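Protein chains: 2
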Amino acid sequence: MEISKKDNILNEALALFATHGFAHVSISMIAKQAKVTKSLIFHHFENKEHLWETVKEVFFKKYADNQMNLFESESDPIELIRKSMRYYFDFVRNNPMVPRFFAYAHLENDENCGRLDQPLMQRGGELIRQAQEHGLMRKNFNPVVLVMNFITVINQYFIAECHFKHWDNGLYQDPDTFINDFIEITIQGIQP
Amino acid sequence: MEISKKDNILNEALALFATHGFAHVSISMIAKQAKVTKSLIFHHFENKEHLWETVKEVFFKKYADNQMNLFESESDPIELIRKSMRYYFDFVRNNPMVPRFFAYAHLENDENCGRLDQPLMQRGGELIRQAQEHGLMRKNFNPVVLVMNFITVINQYFIAECHFKHWDNGLYQDPDTFINDFIEITIQGIQP
DNA sequence: CCAATTGTTGACCGATCGGTCAGTCAAATC
DNA sequence: GATTTGACTGACCGATCGGTCAACAATTGG
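Same order as they appear, the protein sequences are chains A and B.
Per UniProt numbering, the first sequence runs over residues 1 to 192.
Per UniProt numbering, the second sequence runs over residues 1 to 192.
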């Protein structure tokens, strides 16, 4: 089956918003990219703001489902952290526009983004708290710090490429080496 | 002495750019905020792009000088890491617009931002490398991962406030608790 | 004192912005 | 077969965008 024009608009809007941010992207650009008329976009979406909101919810759901499944599929907490980091890293590697998109949302003080990932952070936090109580992780740190730490670093790895381009040693440009080093620092950092 | 109109334009431009991003901010807005005419801005700065570049270099220098001094003021590497994190955290706390500003620069694929902080990353990397060779830190991670880790997390802490607002437990909203937990995880993570 | 330079302004420009609107067309409903 | 509905279009709107320009005021140097 062919992709509908509406879905096509969403896809192209995500790509453009993630690449250039909300304000840099005009409805005309999206229309051109999606090969529809500007009017059609206003037919399907109330206005530019509403289009942005819709794009956000659709693609956040894609990511959240992925992560939530992972939470339930691994019982060893240390291994869960390790796997979560690696899985999330791979997810972002395959969807490099997504962290850019959410970074724009954060910068623009989007109130909704906190609401969207709240259940995810909550669940991650709970799992870590349990592990702490069972003596599998150090007790004296707030779980949120850990969750925040790994999401942030991985997102930023794919966003701030300009930080890496100017190094002659090629190591940090190799994604696998990077994530391995980062995982080991974190795992060792939380062990009792 | 009074602040010159040109400097005033720079200050207001930083604040506006950091708050709303490049595209969202119009020259008229800056003019209004700085209480000068739009034409005066074009008199002092070639165009909008050039104003953006100037703002960036001025305020990056402010941050870089701060950090570079710290690098030379502490000889114990582990303590240097600890101090760097805390100092950088405090710097950002006092200049919360700065990380927002650079985040926008990263997102907009600003080639120059890599060039700007390259000496800083280089120096930090060297110091860590030396500490590794002296057996003061674990050897099997790339220094850049560590530098990147702490800069990223601290920046993001102040940017992504929306992540924190939706929690009932107030801990992670307390900046000091947050940075303490984060420092301990990192320090423990890199020790031999 | 005059000339050159620098700071500063308001009027103005073409382009593009988000958004509207009247209307076409095809498919579903009655 | 008439009517309603939803997808879709092109012409158009007022507002605002970045940027220009001629002119004036203030300062500076000879």
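For each residue, glycine too, the CB sits at the ideal point set by N, CA and C.
Given the structure is predicted, the values throughout are model-derived calculations rather than measurements.
Where asparagine 180 (chain A) falls: helix, strand or coil (DSSP)
Mapped onto the first sequence, residue 180 (chain A) falls at position 180. Helix at asparagine 180 (chain A).
How far does the alpha helix (DSSP H) with phenylalanine 150 (chain B) in it reach, from first residue to last?
Start at 1 with the first residue of the second sequence, and residue 150 (chain B) comes out as number 150. Looking at the DSSP string, the run of the alpha helix (DSSP H) that includes phenylalanine 150 (chain B) is 143-159.
Would you say alanine 13 (chain B) faces chain A, with C-beta separation under 7 Å as the test?
Numbered from its first residue, the second sequence carries residue 13 (chain B) at position 13. Alanine 13 (chain B) does not count as touching chain A.
Same chain, Cβ closer than 7 Å to tryptophan 52 (chain A), neighbours up to 5 away in sequence not counted
Within the first sequence, the letter at position 52 stands for residue 52 (chain A). Phe17 and Phe22.
With a threshold of 16 other CB atoms inside 10 Å of the CB of lysine 61 (chain B), please say whether the residue is buried or exposed.
In the second sequence, the residue the question calls residue 61 (chain B) occupies position 61. Burial is judged here by how many other beta carbons sit within 10 angstroms of a residue's own beta carbon; lysine 61 (chain B) has fewer than 16 and is exposed.
Compute the Euclidean distance between the alpha carbons of tyrosine 87 (chain B) and histidine 20 (chain A), then round it to the nearest angstrom.
The residue labelled residue 87 (chain B) in the question sits at position 87 within the second sequence. The residue labelled residue 20 (chain A) in the question sits at position 20 within the first sequence. Cα-Cα distance, rounded: 32 Å.
Thinking lysine 83 (chain B) and glutamate 72 (chain B) are a contact (beta carbons under 8 Å), I'd like their distance in whole angstroms, please.
Along the second sequence, read from residue 1 onward, the residue named residue 83 (chain B) stands at position 83. Along the second sequence, read from residue 1 onward, the residue named residue 72 (chain B) stands at position 72. The C-beta distance from lysine 83 (chain B) to glutamate 72 (chain B) rounds to 12 Å, too long to fall under 8 Å, and the pair is not in contact.
Report the neighbours of arginine 86 (chain A) on chain B: residues whose CB is nearer than 9 Å to its CB, in chain order.
Translated into positions along the first sequence, residue 86 (chain A) becomes position 86. Ordered by position in chain B, no residue passes the 9 Å Cβ test against arginine 86 (chain A), which lies about 15 Å from the chain.
Would you call the CB atoms of valine 92 (chain B) and isoleucine 154 (chain B) closer than 7 Å?
Locating residue 92 (chain B) in the second sequence gives position 92, where the first residue counts as 1. Locating residue 154 (chain B) in the second sequence gives position 154, where the first residue counts as 1. The answer is yes: Cβ separation under 7 Å.
Amino acids of chain A, ordered along the chain, whose beta-carbon sits closer than 9 Å to that of phenylalanine 141 (chain B)
Along the second sequence, read from residue 1 onward, the residue named residue 141 (chain B) stands at position 141. Residues of chain A passing the Cβ test: Asn180, Asp181, Phe182, Glu184 and Ile185.
If you follow the alpha helix (DSSP H) that glutamate 111 (chain B) is part of, which residue opens it and which one closes it?
In the second sequence, the residue the question calls residue 111 (chain B) occupies position 111. For glutamate 111 (chain B), the enclosing alpha helix (DSSP H) covers residues 111-133.
Selected residue, minimal CA-CA separation from alanine 103 (chain B), among A:Lys32, A:His163 and A:Val145:
By one-based count along the second sequence, residue 103 (chain B) stands at place 103. The shortest C-alpha separation from alanine 103 (chain B) is found at A:His163.
Just the C-alpha distance for methionine 1 (chain B) and serine 39 (chain B), rounded to the nearest angstrom, thanks.
Position 1 of the second sequence holds residue 1 (chain B). Position 39 of the second sequence holds residue 39 (chain B). Its pLDDT being 47, under 50, methionine 1 (chain B) is placed unreliably by the model, and nothing is read from it.
Would you mind telling me which residues of chain A sit closer than 7 Å to threonine 152 (chain B), beta carbon to beta carbon, in chain order?
Here the question's residue 152 (chain B) lines up with position 152 in the second sequence. Thr152, Val153 and Gln156, listed in chain order.
Closest Cα partner of leucine 146 (chain B) within the set B:Ala160, B:Ile159, B:Ala131 and B:Lys5:
As a first step, residue 146 (chain B) must be located in the second sequence, where it is residue number 146. Checked all of B:Ala160, B:Ile159, B:Ala131 and B:Lys5; the closest Cα to leucine 146 (chain B) is B:Ala131.
Which chain B residues are close to methionine 137 (chain A), counting only those with a beta carbon under 7 Å from its beta carbon?
Within the first sequence, residue 137 (chain A) is the residue found at index 137, counting from 1. Those do not exist, as methionine 137 (chain A) stays about 10 Å from chain B at its closest Cβ, beyond 7 Å.
Please state if the CB of isoleucine 190 (chain A) and the CB of methionine 121 (chain A) are separated by a distance shorter than 7 Å.
Position 121 of the first sequence holds residue 121 (chain A). Position 190 of the first sequence holds residue 190 (chain A). In this structure, isoleucine 190 (chain A) does not lie closer than 7 Å to methionine 121 (chain A) by Cβ.
So with CB distances below 8 Å, who are the chain A contacts of aspartate 117 (chain B)?
The count along the second sequence starts at 1 and reaches residue 117 (chain B) at position 117. Under the 8 Å cutoff, chain A gives His163.
Exposed or buried, glycine 124 (chain A), counting other C-beta atoms within 10 Å across all chains shown (16 or more means buried)?
Counting from one through the first sequence, the residue named residue 124 (chain A) turns up at place 124. Buried: at least 16 other Cβ atoms inside 10 Å.
Would you mind telling me which residues of chain A sit closer than 9 Å to alanine 23 (chain B), beta carbon to beta carbon, in chain order?
Within the second sequence, residue 23 (chain B) is the residue found at index 23, counting from 1. Under the 9 Å cutoff, chain A gives His20, Gly21, Phe22, Ala23, His24 and Val25.
Is it the case that the Cβ atoms of glutamine 156 (chain B) and threonine 152 (chain A) are separated by a distance below 7 Å?
Reading the second sequence from its first residue, position 156 is the one you call residue 156 (chain B). Reading the first sequence from its first residue, position 152 is the one you call residue 152 (chain A). The answer is yes: Cβ separation under 7 Å.
So is valine 92 (chain A) in contact with chain B if we call contact Cβ pairs under 7 Å?
Sequence index remark: in the first sequence, residue 92 (chain A) carries index 92 (1-based). Cβ-Cβ to chain B under 7 Å: no for valine 92 (chain A).
If you measure from the beta carbon of histidine 106 (chain A) to each beta carbon in chain B, is any gap under 7 Å?
The count along the first sequence starts at 1 and reaches residue 106 (chain A) at position 106. With 7 Å as the cut-off, histidine 106 (chain A) counts as an interface residue toward chain B.
Please list the terminal residues of the continuous alpha helix (DSSP H) segment that includes glutamine 67 (chain A).
In the first sequence, the residue the question calls residue 67 (chain A) occupies position 67. Secondary structure note for glutamine 67 (chain A): its alpha helix (DSSP H) is the uninterrupted segment 48-73.
DSSP state of glutamine 191 (chain A), grouped into three classes?
As a position in the first sequence, residue 191 (chain A) is number 191, starting the count at 1. Glutamine 191 (chain A): coil per DSSP, three-state reduction.
Quick one, which of B:Tyr63, B:Asp76, B:Ala160 and B:Lys56 has its alpha-carbon nearest glycine 135 (chain B)'s?
Residue mapping note: residue 135 (chain B) aligns to position 135 of the second sequence, counting from 1. Checking every option, the nearest Cα to that of glycine 135 (chain B) belongs to B:Asp76.
Expressed to the nearest angstrom, what Euclidean distance is found between the alpha-carbon atoms of glutamate 111 (chain B) and glutamate 133 (chain A)?
Within the second sequence, numbered from 1, the residue matching residue 111 (chain B) stands at position 111. Within the first sequence, numbered from 1, the residue matching residue 133 (chain A) stands at position 133. When rounded, the separation of the alpha-carbon atoms in glutamate 111 (chain B) and glutamate 133 (chain A) is 46 Å.
From A:Asp117, A:Ile179 and A:Phe141, residue whose alpha carbon lies closest to that of aspartate 65 (chain A):
Working through the first sequence from its first residue, we reach residue 65 (chain A) at position 65. Of all alpha-carbon atoms in A:Asp117, A:Ile179 and A:Phe141, the one lying nearest the alpha-carbon of aspartate 65 (chain A) is that of A:Asp117.
Going by beta carbon distance, what residues of the same chain come within less than 8 Å of valine 158 (chain A), once the five residues before and after it are set aside?
For the purposes of this step, residue 158 (chain A) is taken as the residue at position 158 of the first sequence. Going by the sequence as given, residue 158 (chain A) is phenylalanine instead of valine. Here the set comprises Val92, Arg93, Pro96, Pro99 and Arg100.
Anything in chain B within Cβ reach of glutamine 132 (chain A), meaning under 8 Å, just list it in chain order.
Along the first sequence, read from residue 1 onward, the residue named residue 132 (chain A) stands at position 132. Result: empty, since nearest Cβ-Cβ is about 12 Å, beyond 8 Å.
Please tell me whether isoleucine 190 (chain B) has its Cβ less than 7 Å away from any Cβ of chain A.
Position 190 of the second sequence holds residue 190 (chain B). For isoleucine 190 (chain B), the closest Cβ of chain A is nearer than 7 Å.
Taking a cut of 9 Å between CB atoms, which residues from the segment 38-54 of chain A lie near chain B?
For the segment 38-54 of chain A, there are no residues whose beta carbon sits under 9 Å from a beta carbon of chain B.
Using a Cβ-Cβ distance under 7 Å, would asparagine 8 (chain A) count as near chain B?
Position 8 of the first sequence, counted from the start, is the residue given in the question as residue 8 (chain A). Cβ-Cβ to chain B under 7 Å: no for asparagine 8 (chain A).
Please report the straight-line C-alpha distance between threonine 37 (chain B) and asparagine 8 (chain B), rounded to a whole angstrom.
Reading the second sequence from its first residue, position 37 is the one you call residue 37 (chain B). Reading the second sequence from its first residue, position 8 is the one you call residue 8 (chain B). Taking C-alpha positions only, threonine 37 (chain B) is separated from asparagine 8 (chain B) by approximately 12 Å.
Put isoleucine 3 (chain B) into one of helix, strand or coil per three-state DSSP.
Residue mapping note: residue 3 (chain B) aligns to position 3 of the second sequence, counting from 1. Coil at isoleucine 3 (chain B), not helix or strand.
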